[in-house]
Amino acid sequence: MILDLVCVSPEQHTLAKELADSLSASLNTSQASSKKPYLDLSEDGLAFFHPAARSRKKLLIDFNSGASRWRIERASHEKLIKKALGRSDAPLNILDCTAGLLQDTLVFLSLGHRVTALEQSRIMFHLLEDAIHRSEDSSIFKNLDLINEEACSYTREVKNIDVVYFDPMYPKTKKSALSSGQLEYVEKVLEVESVSNNAAKEFEVLQSIPKKKLIVKRPIKAEPFSQELNYQVFGKTTRFDVYL
Ligand SMILES: C[S@@+](CC[C@H](N)C(=O)[O-])C[C@H]1O[C@@H](n2cnc3c(N)ncnc32)[C@H](O)[C@@H]1O
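Residue numbering for the sequence shown follows this note's numbering, beginning at 1 and increasing consecutively.
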């Protein structure tokens, strides 16, 4: 990966060096150039900047305020996801194959479930780990296992999973339930890492995981990955396809 990790604060150089090694990035201890993408480690945390992103703000995941906090506090109001999960008296073991910004996982955790969340992108994984580390309420993450791995390669290791959850990137032209700025930034991260996905193929692999239920989040008008689905839960812009 040809990417700078910028860190101007001498106190953080040891951590910056570790991160740069783990991300195969080059450590830059002077000011960044705003003409190319870079990672930025500062007292605020680890952030990602891309010059072509519409948002002028860097991507800095923050579980202490904004949309994430709101979703944690209002998890019981998340009617669609709750309906897709169905009733259960005991906590479920959920495999979230597409961690992303962890917004959906936060809802699962807030509802009392245990989650193994997989994220294929090394950059997204480190941004998430850093945000979890900065979280003021770490108790929410005690039932989370966040793993930096592509979901289809992980299938062999899966044991005792009740629900497999799959929320692949939407086709570029469609609107997302996440704020467009954040989703665009996730796209930029994947672009920088040259990661591309074939969601329909991945769906077929994920279907083979032993589980009680597979939930797939799709844009409202998109074709289902398979006609064999058991039921659907409709929102305004998104839909959950449920396979038993
Ligand atoms: C649309 S976002 C998921 C958003 C997430 N559900 C949330 O609530 O924040 C898709 C994310 O899943 C990751 N992803 C997509 N396909 C994957 C796969 N097969 N294995 C692991 N991660 C995957 C992408 O790198 C991206 O970060």
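Glycine included, each C-beta is placed from N, C-alpha and C at the ideal position.
Counting Cβ pairs closer than 8 Å, one from the stretch 180-188 and one from the stretch 201-212, do we hit at least three? no
Any heavy atom of ligand 1 inside 7 Å of the beta-carbon of valine 164? no
Give every residue of the same chain whose Cβ lies closer than 8 Å to the Cβ of isoleucine 209, excluding the five residues on either side of it in the sequence, and list them in chain order. Leu95, Thr155, Val158, Ile161, Val164
Please classify phenylalanine 225: does DSSP put it in a helix, a strand, or coil? coil
Would you decide whether histidine 50 is buried or exposed? Buried here means 16 or more other CB atoms lie within 10 Å of its CB. buried
Going along the chain, which residues of its own chain have a beta-carbon closer than 6 Å to the beta-carbon of proline 224, five neighbours each way excluded? Asp241
Kindly list the residues whose CB is nearer than 6 Å to the CB of isoleucine 132, restricted to its own chain and excluding five residues on each side of it in sequence; keep chain order. Phe141
In terms of alpha-carbon separation, which member of Val6, Asn28, Ala47 lies closest to phenylalanine 125? Ala47
Going by C-alpha distance, which of Leu59, Lys82, Asn198, Ile123 is nearest alanine 151? Asn198
So, at 6 Å on beta carbons, what are the nonlocal neighbours of arginine 239 in its own chain, with the 5 sequence-adjacent residues on each side left out? Arg218, Ile220, Gln232
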